[in-house]
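Everything below concerns the one structure shown next.
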Amino acid sequence: MASSDLTKKYYKIKDAAELVGVSQSTLRFWESEFPEVQPYRSATNIRYYTPDNIETLRLIYYLVKIRGLKLDAAKEQIRLNRSNISNRMDIISKLQDVRDELELMLNALEKRR
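Note that this note's numbering numbers the sequence shown so that position 81 is 93, with each residue one more than the last.
Right, here's the structure in full:
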């Protein structure tokens, strides 16, 4: 998913978790492990994630869940190579969109037979 799907200025933890594809407890854990993710907190201690926070969380998701890196390795990758990883994530997302569209076209062709 590209950052263009992030239309709000802030997201509560429930919405952020859905956008990233992890549980709320995972977000809280990653927040404690990655200093790059520091959501704004209200006076009542409610977390508000910015679109930049969401993008960073998606980057962590990619490194940990997709590539299978340990947290320390993911931290190092983010520190050393953040823009390269973001570009790779964008490419993967676009390729997945193309694949989905091709599958729809293939299904439509098969129905015509």
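Glycine included, every Cβ here is placed at the ideal spot set by N, Cα and C. Keep in mind that this is a model prediction, so the values were computed, not measured.
By the Cβ test, the stretch 111-124 is not in contact with the stretch 75-86, since fewer than three Cβ pairs between them sit closer than 8 Å.
When secondary structure is reduced to three states using DSSP, residue 74 falls in the helix class. Just measuring C-alpha positions, the residue of 42, 29, 92 sitting nearest residue 72 is 42. Between the beta-carbon of residue 52 and that of residue 28 there is about 12 Å, and that puts the pair past the 8 Å contact cut. At least 8 Å separates the beta-carbon of residue 20 from that of residue 36. According to the DSSP assignment, residue 59 belongs to the beta strand (DSSP E) that extends over 59-61.
Under DSSP, residue 53 shares a beta bridge with 59. With a cutoff of 8 Å on beta-carbon distance, residue 70 and residue 32 are scored as near each other.
Separation of residue 45 and residue 56 (C-alpha to C-alpha, rounded to the nearest whole angstrom) is 23 Å.
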